Structures are given as structure tokens and as C-alpha cells.
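Taking it in order: structure first as C-alpha cells, then the write-up.
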């Protein structure tokens, strides 16, 4: 009998639930918004896609595969910020400087004082990151007036790894020539900034004169290297953050590109 009672009760419950929606006297279930279970995954996949796109873009910048560009992609603003302010940029600069140092130590100098290492200044020796923090890490178009104000402050810090390489190169007996796109009118503040940051005892500081106004950096720097070669110097090493620091005529035996995804100078 107990078995029959249980069976009867089970039958009643099954019947009641099966007719729940057909009985007008039974209140309807409350409407509940059901979110897709994979929405968080979708957001993560979107973020990952942007990160991959921006990593690919930065690779193209460093390998000189992009056409001339004026600002970083809008969607890559946070990516560039995280790269420049995080450990990755510091590690990349250290890698470049380390490899350059290994090469410098492997070179047999002529002993006649004609072996030269050329350094760019901005974002190769001195960091303009404090300026670009205030200008979107490259989201804003370059403003020469605002940048000149920054240069005049003479407070750009040294890239630590570049300072180490600089001292190594000097210690090995290279002549050190600083070849910068800065104008002659900024010579005083540039010398002060370099000295304050620890860069001393260079042999030449070459800056743009009025004759160089309007020249692309590649042309301007090629011409200055041509002059070095014509004077009998051997350019064995060259460090710069732009491809225009390294390409053109009278190239060095080895060139070392310091990473910089914030701006492009042709």
C-alpha cells in the first residue's frame, strides 16, 4: 500500500507540473534577463585581438615596414602607454644596448683616433617620455612649438641602458659623435641636459644649422656622416631610435635601433 501511495503522489505532481502553463489561475514565472554565459570570454577575446593587432603594429614600426605615419593608432593608445611605462620597453632598450656593447668590445680599433660611434640624442640618450606622457604617448600630432618648450627645460632624463653603453664605448677608445636633429639655437640647453644626465666627454655635437632647415632627417644625417667619412673617420657603430638615424649614405658597420613606437621621423 505504501508503494501505491508514493506512486499516486508522484503521478499527481507530474501532472501538475506538466499543466503549469495551461492553468490561467497559476501566476506566470517572473521574467529574468539571462546573460550569455560567454560574455566575459567575448570581452577577453576582443581585448586579446586588439593587443595582437597593436603588437603587430609595433613590430612593423620597429622593422621599418610601415609607410610614414603621424600618430599612433587610436585603439593602441593604452597598449603604447603600457609598453612605454612598463618593463617591456626598459628590457628592450637594455637588450639593444647589451648587443651594441658586445659588438663594440669585439671591434679592433685602428689606434689612430679615427674610429667613431655615432649617437642620436632624443629618445636614444635622453628620454622624452615625460613630454609624451602629457601628449598621449604619440596620439597627438607633433607640435614643434610645444616640444621646443620641453627642450628648453633641459630636464630630459637619461636612458639608463644607453648611458651605460655610452660610457663603455668611450672607455674602449671610440670617438663619440652626437648627431641630433635639434637646432643650433638649443645647443646651450642640450649641452646642459646631456651633462646633467651623465653624458660627458663627447668629441662632437652636431646640430641642425639654418642650412639644414627643411631637410628630411635621413638626408640631413647622411650628409653629416658623409662629412665624417670625408674627414677620414670610420663609422663603426651608430645608435638611434629612428630609422632615419641609421639609413642613408655612409652607414655605420653596425647600427642599433632603440625602440620607439611613439613617433616617426622621416
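Numbering (mature numbering (1 follows the signal peptide of the UniProt record, and there is no 0)), first residue to last: -18 to -1, 1 to 248.
All C-beta atoms in this analysis are idealised placements derived from N, C-alpha and C, irrespective of residue type, glycine included.
All values reported here derive from a predicted model rather than from experimental measurement.
- Counted as a single uninterrupted DSSP element, the beta strand (DSSP E) harbouring residue 97 occupies residues 97 to 101.
- Inter-residue distance for residue 224 and residue 113 is about 18 Å (C-alpha atoms, whole angstroms).
- Counted as a single uninterrupted DSSP element, the beta strand (DSSP E) harbouring residue 187 occupies residues 186 to 190.
- With contacts defined by Cβ atoms closer than 8 Å, residue 162 and residue 103 form a contacting pair.
- Residue 230 sits in coil when the DSSP states are folded into three classes, being neither helix nor strand.
- With respect to residue 157, residue 93 sits apart: the two C-beta atoms are not nearer than 8 Å.
- DSSP lists 99 and 236 as the beta-bridge partner residues of residue 219.
- Here residue 178 is not near residue 159, since their CB atoms are 8 Å or more apart.
- Listed in chain order, the non-local C-beta contacts of residue 237 below 7 Å within the same chain comprise 220 and 228, local neighbours out to five positions each way being set aside.
- According to the DSSP assignment, residue 131 belongs to the alpha helix (DSSP H) that extends over 126 to 135.
- Per DSSP, the beta bridge partners of residue 161 are 188.
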